[in-house]
Every structure is written in C-alpha cells, then in structure tokens.
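Letter by letter, the sequence shown follows residues 120 to 476 in the numbering used here.
Cβ atoms here follow ideal geometry from the backbone N, Cα and C, with glycine treated the same way.
A quick note: this is a predicted structure, and the numbers were derived from the prediction, not measured.
Have a look at the structure below, then the notes.
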Amino acid sequence: MKTYIKFISKTYLNSFFYVSLIMFSLIFILNLLSELDFFKDINVDNYFPVYLSLLNSPTFIFEMFPFIFLISTQLFFITLLNNNQLSIFKYSGLENSKILFIISIMSFFLGILIITLFYSFSSSLKNFYLDLKTNYTSDGKYLAVITKNGLWIKDIIDERILIINSVKIDQNYLTDAYISEFNKDFEIKRNIVSPKIDISNKNWIIYEPRVFDKSTKQKYEILNMTTNFDYLIIQNLFSNLSSLSILELFELRKNYKSLNYSLIEIDIQLLKLISFPVYLMLMTIFSSVIMMGTKKIKSSIVKISIGLFFSVVIYYLFNFFNVLGKTEKINLFGSVLLPIILLTVLNSLMIRRFNEK
C-alpha cells in the first residue's frame, strides 16, 4: 500500500474513532440522566441505571452515525489544513479528488461493517435493555408477540389473565381468534373461539363466539370483552425495530406476512439498512465538499457549524420521506431512495470544481 494511502487512512480513522468516542460519551451521559430520572422513585441497585445506559447507548450511536461521519470528515480536513498537508499533497501531484475517493471508499466499507457487525450488536443490547426495563414499567404485565403461529397477546385486567391467539389481522379485526381466560392463580375459567373480533378500541366486540366453560358450551351472537389493547396499541408495540437484527427482521417480516400484518415499517427499516453504507459515503462526500468550499474560513467552529446545519436539514429530509413511505403517500423504494438520489445530485453539482479548491 502506498505511503499516502496509509497516512490518509490512518488520519481519517483516528478522526472517526475520536468523534465516535466523544459522541458515545455524550449519549451515555444523556441516557444516564434519563434512567436516573426514571428510577428516582424505584428501589434498584446504584449500578443498574448505569448498566441500562450502557446497553441503550449503542442504538443511539447507530442513529447518529451520519453525523459522526460528517464531523469525522470535517475533523480530517481540519487536520490536513492545519498541518498544510493538502498543499504538500497537491505539490506532490495528489489531487483532492483522490483523497476524496479514498475516504469515501473507507466510509462505504465502514458502513458495511456497521450494518453487519455493529447493528447486530446494538440490536441485541437494545433487546436485552427492553427486557430488563419492562419489569419496571407499568405495562410489564402485558405482552404481545408475532410468531409463525400468528399474533399472541397476554393481558391482565380485573384479576383476569387473558391469553389471546389470532391467525390474522384484517384491518381492525382479529380473525380466527382463540382466547383462554384464567383467574389470578392461573386456573382456567373459560375458552372463547371466534371467527372475528373487532379491536377498534379496548372494548372488544367478539362476533359469533363459542364459549367453553368447564363442561358446558354456549354460543352467542356478540360478546363484549374489556382489555388493555386496541388496534393502535398493538400496532405500536412492534414499531421498535431497532431491537432486531437483520436476520430477525427478515424472520419477523415472514411472520407479519403470514398474519396479514402491515409490512410497511419493516420493509422501510430493511431498505434503510441496505442503503445505509451509501448514505454514509454520501455524507462523507458532502462534508468534504463543504470543508473545501469553506477553506478560506479560518474558524474551525464556523466550518463545523455550517456542516452540521446542512446535515440536520438532510437528516430531516430523510425522515420526511420515511414518514411519507410509512403513511403510503409514496412507495417504499421512493421513500428511501429519493433522498439518496437528491443527496447524490447535490454532491455532483457541488463537486465539479473540487480539485481546483
């Protein structure tokens, strides 16, 4: 490997790890303050909020990687400018575009490593974090999961324990549902079989139920049942996809499909992960162009501020398109690919005179 490639790679990686460490420290402190506030009236060991903060921080780091790459690139160019390295490279025949190419490729491959290794690691920690913290939340006694056997719900209300299974969800209805009702000692009270249950609100309407109570069997036209769940609550229970690895997302997608559950959010999450290395590379290019365009500005703080301002605009642009995709205003591919295309076009327009700067 050529000496200048080693130097550029080392300088860029040093900037990346330095910024990542600072960002992790800030996120950890904010998480810790949040956990301390949550547990202020709950008796737990002193180390427990710290432990939870450590478990939860990597997920936030993942969300912050576009900013980390942007700031890392800015810090990289600030280092080169302060040491007059860019002029030395230019006199040696190394064009700015070659430097940009090297760090862009590094960003792309770092993005692949982040998706394949870091994301799996952070999602596992997030899942563990949620499992631990659920024990201290008011809804810890409630549970809803989706498996290959359909939707399963555990609910506790009025000293009754309900175990509910449904083969499919059709809009606001559970279809082919089976409900087992237990008392607080987990002794079976009755079983209810229904072809359709309206879950529009927490007062469920059970159509044509067959009720098995001990040795008796009864049929009704309609039966009402109060629960802690409705359609929106059930839908929101599965919105925290950051606790699932890529393989788990694909498995969950298969289960969603068998249940006739909406695939929109999970498809957007998968598309975002697949395109994430490209997004990080484009943010690196964008940051490089900003730094070279502001080379005459002496203040590093001003340069970083300009970059952060535009990166926040880009971040919200990406989120805006994601919301359009989730609400089905545009198709799924458009919600993920359109902001990437726009950022690519913007970089192409700004990079035309990059070697002259």
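Whether residue i touches residue j by CB criterion (8 Å)
i: residue 396; j: residue 186; result: no
i: residue 252; j: residue 152; result: no
i: residue 280; j: residue 247; result: no
i: residue 241; j: residue 181; result: yes
i: residue 316; j: residue 324; result: yes
i: residue 123; j: residue 220; result: no
i: residue 451; j: residue 409; result: no
i: residue 295; j: residue 285; result: yes
i: residue 223; j: residue 400; result: yes
i: residue 462; j: residue 433; result: yes
i: residue 131; j: residue 225; result: yes
Residue environment, residue i, which counts as buried when at least 16 other CB atoms sit within 10 Å
i: residue 413; result: buried
i: residue 343; result: exposed
i: residue 477; result: With the chain represented from 120 up to 476, any question about residue 477 goes unanswered, as that position is not in the structure.
i: residue 144; result: exposed
i: residue 398; result: buried
i: residue 449; result: exposed
i: residue 154; result: buried
i: residue 236; result: exposed
i: residue 178; result: buried
i: residue 466; result: buried
i: residue 422; result: buried
i: residue 437; result: buried
i: residue 283; result: buried
i: residue 369; result: exposed
i: residue 136; result: exposed
i: residue 416; result: exposed
8 Å CB neighbourhood of residue i in its chain, flanking five on each side removed
i: residue 455; result: 387, 390, 391, 394, 440, 441 and 444
i: residue 308; result: 279, 300, 301, 302 and 332
i: residue 189; result: 402, 403, 405, 406, 426, 427 and 430
i: residue 345; result: 276, 277, 321, 322 and 323
i: residue 459; result: 394, 397, 398 and 401
i: residue 447; result: 383
i: residue 183; result: 142 and 146
i: residue 338; result: 327, 328, 329 and 330
Nearest-angstrom beta carbon gap, residue j and residue i [assumed within contact, 8 Å]
i: residue 134; j: residue 150; result: Actually they do not touch by this definition, with Cβ atoms about 24 Å apart.
i: residue 192; j: residue 403; result: 5 Å
i: residue 292; j: residue 272; result: Actually they are not in contact, since the Cβ atoms of residue 292 and residue 272 sit about 14 Å apart, beyond 8 Å.
i: residue 138; j: residue 194; result: 6 Å
i: residue 174; j: residue 147; result: 11 Å between Cβ atoms; not a contact.
i: residue 255; j: residue 161; result: 6 Å
i: residue 287; j: residue 269; result: 7 Å
Beta-carbon proximity list for residue i, same chain, < 7 Å, skipping 5 on both sides
i: residue 457; result: 440
i: residue 327; result: 313, 314 and 340
i: residue 213; result: 123
i: residue 419; result: 197
Contacting residues, own chain, Cβ-Cβ under 6 Å from residue i (five flanking each side not counted)
i: residue 234; result: 392 and 395
When you compare the segment 379 to 395 with the segment 363 to 371, are there three or more beta-carbon pairs, one atom per stretch, that lie closer than 8 Å?
Counting Cβ pairs under 8 Å, three or more are found: they touch.
Between the segment 219 to 238 and the segment 337 to 355, are three or more C-beta pairs nearer than 8 Å?
No, the segment 219 to 238 does not touch the segment 337 to 355.
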